[in-house]
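For the protein sequence lines, the chains are A and B, in the order given.
Going by the working numbering, the first sequence opens with residue 1, and the numbers climb by one from there.
Going by the working numbering, the second sequence opens with residue 1, and the numbers climb by one from there.
Ideal Cβ placement from N, Cα and C applies to all residues, glycine included.
Below: the structure, in structure tokens.
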Amino acid sequence: MRSQGVPFILPTLAFLVVLVVYPTIYLYYMIFHSFNPLYEITVRFSGLQNFSTLITDADAHYSILAMLVLMGVTVPVEIALGTLLAIFFTSPHLRGKVVLRSIMLVPLSIPAIITGLNWKMVFFTYGPLNTFLESVGLPTQPWLSAPFGNPFNTLFVLAVLDIWQWTPFVALAVASGIESVPPFVKEAAEIDGASRTQLIRHIVLPLSKTVIIIVLLLRIIDSLKIFDIIYMLTAGGPGNVTTTLPFYIYKVGFTLTAPKADIGYASLLAVVLLMIATALVLFVLTRALNVKRVIWGE
Amino acid sequence: MSRLAVTLRAVAYSLAAWIFAVLYLLPFIWMIGTSFKPIGEWGLPTLIPNEATLRNYYEILVSGGVYGVRGHFPPIIRYLVNSLTVSSVVALITSLLGALTAYGIVRFMAGGTTFANWILSLRMIPPVVILYPLVVMTKTIGLYNSIPGLILVYPVITLPITTWFMIGTFKSIPRETEEAALIDGCTHFQAFYKISLPQASIGLATSAIFAFIFSWSEFLIPLLLAPGEQAMPLTVFAGYFSNQYGILWGPLSAAAVITAVPVTVTAIIIQKYLIRGLTLGFVR
């Protein structure tokens, strides 16, 4: 039976071999080589030089840390706020849910680069946020260089942006989890005299646990991809404060005037990111999502 | 609880929700407002322009603009056309390929769990990882900086999404009619496109829309693969514009609105399926 299905998957397989398998092999070839097209004509073998660079490169270590800090700040906040919002949005007292749902879809459907552009204007030194703060007598802030006197806070400005962008996604997904709790379960609890708080805490949330875990894992994995808003808002600055690993790969591999710019070294950094992502994905596929059961119901 | 108390509670909840929603979208509403503002009002935190004008839209779309020392810019029509072309073709190709693949996976277990897992994992790996090899590849075959080049590479992003969306769709379609068709002498492929695909048409259309949205919003791939004018999409132009003429907020906002509104409106239209698509069918 499986062989009859092969023609159906063949075109996609061919596409992905060209687009993913070949590039991955090339990536592993490049980590033992060095090449900067600005100064060199050909790729040259450099053995383990990229590895020793990686071990001593403080910027690379920092970029991994920055990526993890961004993940550690945004994901828990998004899950917590999103779940609270979902509980609120599924309240039986609320009217006009269809319109509210549509509004919640806006932040997550605007192209990330436009979100970045939008907030760049908002956060601009002479932009509307500071103009507003000034008019109500509060101190203005250099939001994109050193908010509240510390350049490192820029990382948290980015976190706020990511939270703005993705909390509605968590809220909508968890809300659909809550809505799929069968009504008779809720009715039974209500008949037994459960208050709404008890109902949510002991019935609705435990039954929505799977959805919350799936959303959590997707947010963790997607936080490794944050690029557009960094490119737009801070370009990795001030200094290298917001240069997370994906952005550092871009800097080293594609802006060839950057220090340490080298395509071989960028490939090694890419392999590091690939390994972090693969470890997370494997964890998800073996522990949380049973693909076999989802597709074939086994 | 009395009727009045219930009504009051509904009003309070709804009011809170609406105030929250408007506050949430404030930056975006402000940008839409700015896109209608004349030059003197650009930096103001007001949401509604005092003297609304369509000049920003006219300049950014049709005439281009000259702002003296602040710079001049070309109209964005060609980037709009680039975005439309690439996204439409990618949507068409990858929704069909996704449907084929999903059908093979659901009905025949083709490739087994490994293949299904692999496709899923491609949705999760950051694309920056394989971009340099893809740049080299497109340069080698002469598709760097071209629309066909983008059409070739975008499926890395869209194929996993359409495939997984169609897996969910085909799972919910009963196989009985297909089996009847097979008994009547149809081949498996005929059964697929004559019987199953028509039944999955809504799912197919939705997955095409997904592919369109994701292609339209893509920034990193075209930034590196199509930095030249010939193929540059709107998203990359928006990034370029903001670095080059960052102070021209009126036209910049208009460009941003033109880039964001088509996909945002589409997303709202297919909202019933959006969460399912974004979670690859794991949340319905």
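Might you give, ordered along the chain, the residues of its own chain that have their beta carbon closer than 6 Å to the beta carbon of residue i, omitting 5 neighbours on each side?
i         : result
Leu-134/B : Val-153
Leu-199/A : Ala-189
Asp-59/A  : Asn-240
Leu-26/B  : none
Asn-130/A : Thr-140
Ala-52/B  : Phe-36
Ala-226/B : Asn-145, Leu-150 and Met-232
Leu-224/A : Ala-277
With DSSP run on the structure shown, which of helix, strand or coil describes residue i?
i         : result
Gly-264/A : helix
Arg-101/A : helix
Ser-172/B : coil
Ser-2/B   : coil
Phe-73/B  : strand
Val-271/A : helix
Gly-253/A : helix
Val-90/B  : helix
Val-66/B  : strand
Phe-108/B : helix
Tyr-132/B : helix
Phe-227/A : coil
Gln-165/A : helix
Leu-248/B : coil
Ala-235/A : coil
Gln-198/A : helix
Leu-94/A  : coil
Leu-244/A : The sequence shown places Thr at residue 244/A, rather than the Leu named in the question. Reduced to three states, the DSSP call for Thr-244/A is coil.
Ser-63/A  : helix
Pro-7/A   : helix
Ala-230/B : In the sequence on display, residue 230/B carries Gln and not Ala. Coil, per DSSP.
Ser-208/A : coil
Glu-187/A : helix
Pro-259/A : coil
Glu-78/A  : helix
Glu-179/A : helix
Gly-297/A : coil
Asp-328/A : Examination of residue 328/A is not possible in this model, given that chain A is present from 1 through 298 alone.
Ser-109/A : helix
Leu-289/A : coil
Phe-165/B : helix
For residue i, which residues in the same chain have their Cβ closer than 7 Å to its Cβ, ignoring the five residues on either side in sequence?
i         : result
Ile-25/A  : none
Ala-159/A : Leu-70, Val-73 and Thr-74
Ala-254/B : Ser-35, Asn-56, Tyr-57 and Ile-60
Tyr-67/B  : Leu-248
Trp-119/A : Leu-161 and Leu-233
Trp-42/B  : Thr-34, Trp-249 and Gly-250
Gly-236/A : Ile-230, Thr-242, Thr-243, Phe-247 and Lys-251
Ile-213/A : Ala-288
Ile-249/A : Ala-266, Leu-269, Ala-270 and Leu-273
Would you list the residues sitting across from residue i in a DSSP beta bridge?
i         : result
Ser-217/B : Answer by DSSP bridge pairing: none, since Ser-217/B is not bridged.
Phe-89/A  : For Phe-89/A, which the question treats as bridged, DSSP gives no partner whatsoever.
His-33/A  : Phe-45/A
For residue i versus residue j, is the C-beta distance shorter than 7 Å?
i         : j         : result
Ala-112/A : Asp-222/A : no
Pro-49/B  : Pro-128/A : no
Thr-235/B : Phe-219/B : yes
Ile-157/B : Phe-214/B : yes
Ala-146/A : Val-215/A : no
Ser-121/B : Thr-162/B : no
Ala-110/B : Gly-177/A : no
Ile-114/A : Ala-260/B : yes
Leu-204/B : Thr-12/A  : no
Ala-10/B  : Ile-295/A : no
Asp-245/A : Asn-50/A  : Checking the sequence shown, residue 245/A turns out to be Leu, not Asp. Against a cut-off of 7 Å, the Cβ pair of Asn-50/A and Leu-245/A comes out as no contact.
Val-129/B : Leu-285/A : no
Just to confirm my understanding: we take residue i, look at its own chain, exclude 5 residues before and 5 after, and list those with CB closer than 8 Å. What are they?
i         : result
Pro-142/A : Thr-125
Arg-44/A  : His-33, Ser-34 and Phe-35
Pro-151/A : Ser-145, Pro-238, Gly-239 and Val-241
Leu-105/A : Pro-168 and Leu-172
Thr-85/B  : Ile-147
At a cut-off of 6 Å, would you count residue i as near the ligand COA, judging by its Cβ distance to the nearest heavy atom?
i         : result
Val-185/A : Only the bare structure without any ligand can be found here, which leaves the ligand COA out of the picture.
Are the C-beta atoms of residue i and some chain C residue less than 7 Å apart?
i        : result
Leu-25/B : Checking the listed chains, one finds no chain C in this structure; the protein chains it contains are A and B.
Where are the alpha helix (DSSP H) runs, 4 residues long or more, that stay fully inside the segment 12-61 of chain B, in chain order? 26-34 and 55-58
Which residue spans inside the segment 120-159 of chain A form an unbroken beta strand (DSSP E) run of at least 3? none
Complete alpha helix (DSSP H) runs within the segment 167-211 of chain B (minimum length 4 residues, chain order): 176-183
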